[in-house]
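Peer 1: I have a structure here, written as structure tokens, and I will follow up with some questions on it.
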Amino acid sequence: MNVIRHQDAFSTSTRYRRGELHEFEAGGNDFIYLVAAGAIFALDEAARTVLANIADEGVEHGALVAALCNQGHQRQDAEDLIRELLLVQGIVTDAPAARQFSSPEAPPTDFPLQALVLNITSQCNLACTYCYEFGSDKIATPQGKPKFMTLQTAKTSVDFLLEQSAARKAVHLTFFGGETLMNFRLLRDVVLYAENQAQQSGKAVTFSLTTNATLLNDEIIDFLSDHHVGVTVSMDGPPDLQNKHRVFKNGKGSYDVIEPRLRKLIDRHKSRAITARVTLTDGVTDVVRIFRHLKDDLGFHEVGFAPVTSSEKQDYSISDPDMNAVLRGFHDLADEWLDYALRGQMHGFSNVSETIGELTQGVNKSHPCGAGLGLLGVSPSGDLSPCHRFTDADSHTLGNINSGIDAEKRGDFLARGHIGTKYDCQTCWARPLCAGGCHHEAFVRYGDTGHANLHYCDWIREWTDTCLKIYGVLAIQKPEFLERFAERKPMT
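What follows is the structure in structure tokens.
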């Protein structure tokens, strides 16, 4: 551990106890994950001695220094180690302030925008049974509102993003639906407009979209590749799983329609990675089989999984036994991911990659994501929302692209979503990465965007521990591989 020297003196009677930390072992080495700092430390003999000597009732400063000296450490080195552990809150004093819950500060009220999600249409040519936008758990109120975004609204959105991004040098536009490609002509015109406007503003702009792939053709694929538009395809696996919920309005499965289009997309679009996003539902839980098909058979560069968002019990909800099976599959893929990483290769299981990225960057979240903060959703009418999942939901509107952000509504949303307001999270060691979970899922499940997603707590802790162990092995055996994850990705 690096020694940081301070001149402060502590009384020999100052009493210490453990700070908030999570201990884990990886590759034969002991580590701690420090909650207050969102940091990972490999423990040397001296640090292990400190933690071992701090029992539940705590230990006095003098006794702790003596224990270290008895192991052959110099007194000054012992004092320096204690100060460093205090600095990162690996240990804390019994002072009242040290016993208070530690959470990240709230972001400034004028936090600059980084990304907009343009819902360029609310229409879709599929009728996926679990769809959060049109299904039984929908919160949107689209009656009487435009179904397709106009070019003027889209251009105003681009100008709004560039203006509200303040000093940021780069911004991001995501295109969403409905089915995004039902409004491809608008998407094409907006990309060209945004590239021109960004250049005049001295900023860089990047693009991405989500699609069900049913409308892909040569013209669209070539445009997306030429303009470096990242593509995420919503797809649930091989034919029997894809066709279970992702169906056309006549009930016919969509796999046979999208399969040849996907192969052409992956073959011709070379400027950005092509990602699959899988929604796990009842009966669609064999993550290893799904991954093999999407990654190895079809050729997706990255595959990510997320359980379906649902209220208490829908026909498509995942049961507890199925969630346990999902986690076992995640562990199998995580083991593969580590084997690839030790060879210096990317594996493609994005659930590991994203968590490793956050651990590498020392993320300590005040909010679960950028929703309402650096990211906003824009509906076809121009209404602003925290993200695309709240599009056209009147109860979650945060303003309009023409009149600007409603600061009071935005402030209320962010205040309720801050990790410091979530009582159930205050004793959880995984909160720096989770921060209580998705706002939209919390609203669907509990009726409150600021509620912690308690139904996933154990799952999140176990998965975070798995990724910490992967990080620990790489930190010892292949540290250069972690450097790939040091740069934060744009909000998409």
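Everything in the sequence shown is counted per our numbering, starting at 18 for the first residue and increasing by one.
Don't be surprised by glycine CBs; every beta carbon is placed ideally from N, CA and C.
Residues in its own chain within less than 6 Å of Arg478 by CB, not counting five upstream and five downstream?
Peer 2: The residues are Ala447.
Peer 1: Which residue wins for smallest C-alpha separation from Asp423, given the options Asp411, Leu401, Thr408, Leu198?
Peer 2: Measuring from the Cα of Asp423, the nearest candidate turns out to be Leu401.
Peer 1: May I ask you to verify whether the region 158 to 177 touches the region 459 to 473, counting CB pairs closer than 8 Å and requiring at least 3?
Peer 2: Segments in contact, no.
Peer 1: Between the C-alpha atoms of Lys269 and Met252, what's the straight-line distance to the nearest angstrom?
Peer 2: Cα to Cα, the separation comes out at about 15 Å.
Peer 1: Here's the rule I'm using: 16 or more other beta-carbon atoms within 10 Å means buried, otherwise exposed. How should Lys330 be labelled?
Peer 2: It is exposed - the Cβ of Lys330 has fewer than 16 other Cβ atoms within 10 Å.
Peer 1: Where in the region 186 to 256 do unbroken runs of the alpha helix (DSSP H), each at least 4 residues long, occur, reported from the N-terminal end onward?
Peer 2: Runs of the alpha helix (DSSP H) inside the region 186 to 256: 201 to 218, 235 to 243.
Peer 1: Considering Phe165, what are the terminal residues of the alpha helix (DSSP H) in which it resides?
Peer 2: Where Phe165 is concerned, there is no enclosing alpha helix (DSSP H), given that its DSSP letter is neither H nor E.
Peer 1: Could you check what DSSP says for Leu51 in three-state terms: helix, strand or coil?
Peer 2: Looking at Leu51 - three-state DSSP - the assignment turns out to be strand.
Peer 1: Answer yes or no: do Thr110 and Gln88 have a C-beta to C-beta separation smaller than 8 Å?
Peer 2: No, the pair does not count as a contact, with Cβ atoms beyond the cut-off.
Peer 1: Helix or strand or just coil, what does DSSP make of His318?
Peer 2: Residue state, collapsed to three classes: coil.
Peer 1: Classify Val325 as helix, strand or coil using the three-state DSSP reduction.
Peer 2: Here Val325 sits in coil by DSSP.
Peer 1: Just to check my reading of the structure: Gly391 and Phe128 have Cβ atoms closer than 8 Å, yes? What is that Cβ distance to the nearest angstrom?
Peer 2: About 6 Å separates the two Cβ atoms, so the contact holds.
Peer 1: What did DSSP end up calling Phe58 once you bin it into helix, strand or coil?
Peer 2: Strand, per DSSP.
Peer 1: What are the partner residues of Ala459, as DSSP defines its beta bridges?
Peer 2: Per DSSP, none; premise fails for Ala459.
Peer 1: Where does Glu77 fall in DSSP's three states?
Peer 2: In this structure, Glu77 counts as strand in the three-state DSSP scheme.
Peer 1: Do you know offhand how far Leu279's Cα is from Lys261's?
Peer 2: If you take the alpha carbons of Leu279 and Lys261, they lie about 19 Å apart.
Peer 1: Determine the DSSP secondary structure at Phe128, reduced to helix, strand or coil.
Peer 2: In this structure, Phe128 counts as coil in the three-state DSSP scheme.
Peer 1: State yes or no: is the C-beta of Val188 within less than 8 Å of the C-beta of Phe224?
Peer 2: Going by C-beta atoms, Val188 is not nearer than 8 Å to Phe224.
Peer 1: Ignore the nearest five residues each way along the sequence and tell me which others in Arg32's own chain have a CB closer than 6 Å to its CB.
Peer 2: Once the five neighbours on either side are set aside, the close Cβ partners of Arg32 are Gly75, Glu77, Asp111.
Peer 1: Note the first and the last residue of the continuous alpha helix (DSSP H) segment covering Gly428.
Peer 2: First-last of the alpha helix (DSSP H) with Gly428: 424 to 434.
Peer 1: Classify Leu143 as helix, strand or coil using the three-state DSSP reduction.
Peer 2: Leu143 falls in the strand class under three-state DSSP.
Peer 1: Quick one: residues in its chain with C-beta nearer than 8 Å to the C-beta of Asn19, no 5 flanking neighbours on either side, listed in chain order?
Peer 2: The predicted position of Asn19 is uncertain, since its pLDDT is 39 and thus under 50; no value can be drawn from it.
Peer 1: Taking the beta strand (DSSP E) that Ile108 falls in, what are its first and last residues?
Peer 2: 108 to 110 is the extent of the beta strand (DSSP E) around Ile108.
Peer 1: In the DSSP assignment, the beta strand (DSSP E) including Ala290 goes from what residue to what residue?
Peer 2: Where Ala290 is concerned, there is no enclosing beta strand (DSSP E), given that its DSSP letter is neither H nor E.
Peer 1: If distances are taken between C-alpha atoms only, which option among Ala144, Ala221, Leu344, Ala69 comes closest to Trp476?
Peer 2: Ranking Ala144, Ala221, Leu344, Ala69 by Cα distance to Trp476 puts Leu344 first.
Peer 1: Taking Cβ positions, are Tyr50 and Leu491 nearer each other than 8 Å?
Peer 2: No. Outside cutoff.
Peer 1: May I ask you to report which of helix, strand or coil DSSP gives Val20?
Peer 2: Below a pLDDT of 50, predicted positions are generally treated as unreliable, and Val20, at 36, falls in that range; no measurement from the model is reported.
Peer 1: Within 10 Å of its beta-carbon, does Tyr440 have 16 or more other beta-carbons around it, so buried, or fewer, so exposed?
Peer 2: Tyr440 comes out exposed.
Peer 1: What do you reckon, are the CB atoms on Ile57 and Tyr488 nearer than 8 Å?
Peer 2: Cβ distance < 8 Å, so Ile57 and Tyr488 count as in contact.
Peer 1: Using the beta-carbon count (16 or more within 10 Å), is Phe421 buried or exposed?
Peer 2: One point to set straight first is that residue 421 is Gly, not Phe, in the sequence displayed. Exposed, since its Cβ has fewer than 16 Cβ neighbours within 10 Å.
Peer 1: If you follow the alpha helix (DSSP H) that Glu479 is in, where does it begin and where does it stop?
Peer 2: Where Glu479 is concerned, the enclosing alpha helix (DSSP H) stretches over 474 to 494.
Peer 1: Using 10 angstroms around the beta-carbon of Arg202, count the other beta-carbons present and answer buried if the total reaches 16, otherwise exposed.
Peer 2: That one is exposed.
Peer 1: For the 8 Å Cβ check, are there 3 or more pairs between the region 312 to 321 and the region 282 to 301?
Peer 2: Touching, yes.
Peer 1: State buried or exposed for Lys266, treating a residue as buried only when at least 16 other CB atoms are found within 10 Å of its CB.
Peer 2: The residue in question, Lys266, is exposed, as its Cβ has fewer than 16 Cβ neighbours within 10 Å.
Peer 1: Compare the C-alpha of Glu276 against each of Val250, Thr326, Lys220, Val105 and name the closest.
Peer 2: The option with the nearest alpha carbon to Glu276 is Val250.
Peer 1: When the Cβ atoms of the region 428 to 438 are set against those of the region 357 to 367, are three or more pairs found closer than 8 Å?
Peer 2: No: fewer than three Cβ pairs fall under 8 Å.
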